[in-house]
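Novice: Numbering of the sequence shown is given in the UniProt record's numbering, commencing with residue 1 and proceeding in unit increments.
Using N, Cα and C, we set each Cβ at its ideal position, and we do this for glycine too.
Quick caveat, the model's predicted, so the values are computed rather than measured.
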Amino acid sequence: MMKTRAKYHLGQVVKHRKHPFRGVIFDVDAMFSNTDEWYAAIPEESRPSKDQPFYHLLAENDQSYYVAYVSEQNLVADYSGEPVDHPDLPDLFGPFEDGVYPLHFQLN
1 MMKTRAKYHL
11 GQVVKHRKHP
21 FRGVIFDVDA
31 MFSNTDEWYA
41 AIPEESRPSK
51 DQPFYHLLAE
61 NDQSYYVAYV
71 SEQNLVADYS
81 GEPVDHPDLP
91 DLFGPFEDGV
101 YPLHFQLN
């Protein structure tokens, strides 16, 4: 049985190591759980290992808001203290407080 511990938690603000976006974690997969087509679309030299946690983010960049699926190796904690402005945040979380969003909706 594989035991994986996620480095980041629900409600935490994170940013991508290489790409200019940040977001709030709203779900975690212990290992890759997306489609093979999605995985194959990542350039081979950048493709992350499937046997690590993957995070679902309410993400934002300078142009838009979206949902992102990112491997743990490609994330770093965002300690800027700046809130994320994704319009779906109030559906899942309470107000930004002490650098995190408190979960107020129970996910499976």
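Can the beta-carbon of GLY81 be found closer than 7 Å to that of ALA59?
Specialist: Position 81 of the sequence shown, counting from 1, holds the residue named residue 81. Position 59 of the sequence shown, counting from 1, holds the residue named residue 59. Result no, Cβ atoms of GLY81 and ALA59 do not sit closer than 7 Å.
Novice: For ASN34, collect the residues of the same chain with a Cβ closer than 8 Å to its Cβ; drop the 5 residues on either side in sequence, then sort them by chain order.
Specialist: Numbered from its first residue, the sequence shown carries residue 34 at position 34. Answer for ASN34: PHE54, TYR69, listed in chain order.
Novice: What are the partner residues of TYR69, as DSSP defines its beta bridges?
Specialist: Position 69 of the sequence shown holds residue 69. Looking at the DSSP assignment, TYR69 forms a beta bridge with HIS56.
Novice: Alpha carbon to alpha carbon, what distance is there between GLY99 and PRO83?
Specialist: Within the sequence shown, numbered from 1, the residue matching residue 83 stands at position 83. Within the sequence shown, numbered from 1, the residue matching residue 99 stands at position 99. One C-alpha to the other measures close to 8 Å.
Novice: Is the distance from the Cβ of LEU75 to the Cβ of PHE26 below 7 Å?
Specialist: Working through the sequence shown from its first residue, we reach residue 75 at position 75. Working through the sequence shown from its first residue, we reach residue 26 at position 26. Against a cut-off of 7 Å, the Cβ pair of PHE26 and LEU75 comes out as no contact.
Novice: DSSP on GLU97, reduced to helix/strand/coil?
Specialist: Position 97 of the sequence shown, counted from the first residue, corresponds to residue 97. Strand at GLU97.
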